[in-house]
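Mind the numbering: the sequence shown is residues 0 to 124 in numbering that gives the first Met the number 0, read in order.
What follows is a single structure, written as structure tokens, with notes after it.
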Amino acid sequence: MVQFFSDAFFAELATRLQKDPEWMKGAAKVTAKVMMTVTDRNEAHLLDIQAGNVSVRAAKPDEPADFKFEGIYETWVRLGKERKDLNSLVLQGKIRFRGSLAKLIPLQGVLVRIEAVARDIPVEA
């Protein structure tokens, strides 16, 4: 088990995505940098997606990324544990989105797959 939203969590997410046939099929033509930030802890992780291949690293919240999602830790936990989806949390204003909405819309399937794979990672309570 890993701690939720830790470096180990994101490393496990990248490993699982690389092995996931649905991910590889859906993300084969995707090139994007997606940052997820925990605002109340000043922590961020950057997912660098290049033609379906994913690398991940700890980042500074002010680093450039194509798409940024920002929220407090409690909200990220809701996404991971309570089956809330990212779209709903953005629309409710619980998670802030920064980037081009027009460029994000075609990537919805990819984001949904990231959520699904992340939820399957066993995390510490």
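Glycine included, each C-beta is placed from N, C-alpha and C at the ideal position.
Distance between residue 63 and residue 35, taken at the CA atoms: about 12 angstroms. Counting only runs of 3 or more residues that sit fully inside the stretch 16 to 77, the beta strand (DSSP E) segments are 30 to 37, 42 to 49, 52 to 58, 66 to 70, in chain order. Under the 10 Å beta carbon count, residue 104 is surrounded by fewer than 16 other beta carbons and is classified as exposed. Per DSSP, residue 82 lies in no alpha helix (DSSP H) segment and is marked neither H nor E. By the criterion of a C-beta distance shorter than 6 angstroms, residue 95 is surrounded in its chain by 69, once the five residues flanking it on both sides are discounted. Between the C-alpha atoms of residue 8 and residue 42 there is a straight-line separation of about 13 angstroms. Secondary structure at residue 8: helix, using DSSP grouped into helix, strand and coil.
With 16 or more other CB atoms across the displayed protein chains lying within 10 angstroms of its CB, residue 19 is buried. Residues of the same chain with a CB within less than 7 angstroms of the CB of residue 117, apart from the 5 flanking positions on each side, are 12, 79 in chain order.
Here the stretch 21 to 32 lies against the stretch 46 to 54, with 3 or more beta-carbon pairs under 8 angstroms apart. Rounded to whole angstroms, the gap between the alpha carbons of residue 77 and residue 4 is 12 angstroms.
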